[in-house]
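Heads up, the thing below is written out as structure tokens.
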Amino acid sequence: MQSLKQTQAPSFKLRDSTDQWVDLNSFKGKWLVIFFYPKDDTPGCTKEACNFRDNYSLIKSIGANIVGISLDGSSSHQKFSAKHGLPFMLLSDPNGNVTKAYGALFQFFCIRLAKRHSFIVDPSGLIRKEYRSVNPATHSDQIIKDLKLLQA
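Dropping the structure here:
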């Protein structure tokens, strides 16, 4: 996969867990962390989402928003978010088009999942950092370090 670093983040318009439309432009002027994950309420994805939840206040305090994206539907996201008290948006990409645009789509015959990839997008919409291999238990800690470096 070709690096997306220093390119404009692919635009998106996806539904959140309340079935409302959210697009990339709504984050213009703010730092944004986008994390793609395979499946709601599975062990690794729960660990990663809860790690972001636990660091949410710190990430917000340094001026960044967080969104998680998977191929799961809005109702699945709503249950996952409620069960684990996730304070950030989970967006549904059921066709995988946005996930594919970010190079995060895994497809093997009829199996389609989002790979565990993440991106830091700056206030102008430029991808400043990409992560193609992450540790779900510590990933948000690395995001915080990198956000601080990028903002310095």
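FYI, this note's numbering numbers position 116 of the sequence shown as 116, with every residue one higher than the one before it. Every residue, glycine too, gets a C-beta built ideally from N, C-alpha and C.
Counting the other CB atoms within 10 Å of its CB gives I127 a total of 16 or more, which places it among the buried residues.
The region 129 to 147 and the region 86 to 95 do not touch, with fewer than three beta-carbon pairs separated by less than 8 Å. With respect to the 9 Å criterion, I120 and I69 are not classified as neighbours on the basis of their beta carbons. In the three-state DSSP reduction, R53 falls in the helix class (H, G or I).
Distances from the CA of H139 to each of Y56, G29, D16 were compared; the closest alpha carbon is that of Y56. Residue pairing from DSSP places I127 in a beta bridge opposite V121. For the options K39, L24, R116, the alpha carbon positioned closest to that of Q78 is the one of K39. Residue nearest to C110 within the set G96, G125, S118 is G96 (criterion: CA-CA distance). Beta-carbon to beta-carbon, S17 and S74 are separated by about 6 Å, close enough to satisfy the 8 Å threshold. Contact annotation: W31 and A64 have beta-carbon atoms nearer than 9 Å. Pairing P136 with Q6, the inter-Cα distance amounts to about 24 Å. The bridge partners DSSP lists for D23 are K13. Rounded to whole angstroms, the separation of the alpha carbons of D122 and D93 is 22 Å.
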